[in-house]
Amino acid sequence: ILAQELVNPSCSSPVITAMALRYPAAYLLAVACGNENPSAKDIEKILKAADVECDGDLAKKLCSELEGKAAHEVIDASRDKLKNFGGGGAGGAPAAAAGGAGGGAAAPAAAAAAAVEEEEEEEGMDFDLFG
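Those letters in the sequence shown? Residues 2 to 132, per our numbering, in order.
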């Protein structure tokens, strides 16, 4: 039941509200690291490493609800429910592209200028995520 509530956008369960996303995120992080069936202690360890408070009862409830289930299967089974969330800001792009014929030449020039600026910003960064 709890696993279904995690992907139900209309859910207003007080358990889910209190849980936020920290517990499912820690659970999925453990799964991504190779732990097929994380325990409440695994979730607590991950959250404490991030200096985040952990309610052991919520972690136990999540683990008991997902016990014996593969995380990817739970996600796949509920994927249709997630379609109700819609998209982020991508919804506005088609409307902007359908704008008017008057500014047709200015749009490609603006896009090219934005691409050049973005490349310049990336060159100046000394941050390497994987190195």
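Virtual Cβ for every residue (Gly too), placed ideally from N, Cα, C.
Between the alpha carbons of residue i and residue j, how many angstroms are there, rounded?
i: V21; j: A60; result: Checking the sequence shown, residue 21 turns out to be Ala, not Val. So the alpha carbons of these two residues sit roughly 12 angstroms apart.
i: P25; j: A41; result: 11 angstroms
i: N85; j: S79; result: 11 angstroms
i: G57; j: K82; result: 28 angstroms
i: L29; j: A72; result: 7 angstroms
i: S65; j: V75; result: 14 angstroms
i: N38; j: V32; result: 7 angstroms
i: L48; j: L67; result: 18 angstroms
i: A27; j: L63; result: 11 angstroms
i: N36; j: F131; result: 22 angstroms
i: K46; j: D77; result: 27 angstroms
i: R23; j: V53; result: 9 angstroms
i: K70; j: I44; result: 16 angstroms
i: A51; j: C34; result: 16 angstroms
Once DSSP output is grouped into helix, strand and coil, what is the label at residue i?
i: N36; result: coil
i: A78; result: helix
i: G57; result: helix
i: L22; result: coil
i: A41; result: helix
i: F131; result: coil
i: A27; result: helix
i: E68; result: coil
i: A50; result: helix
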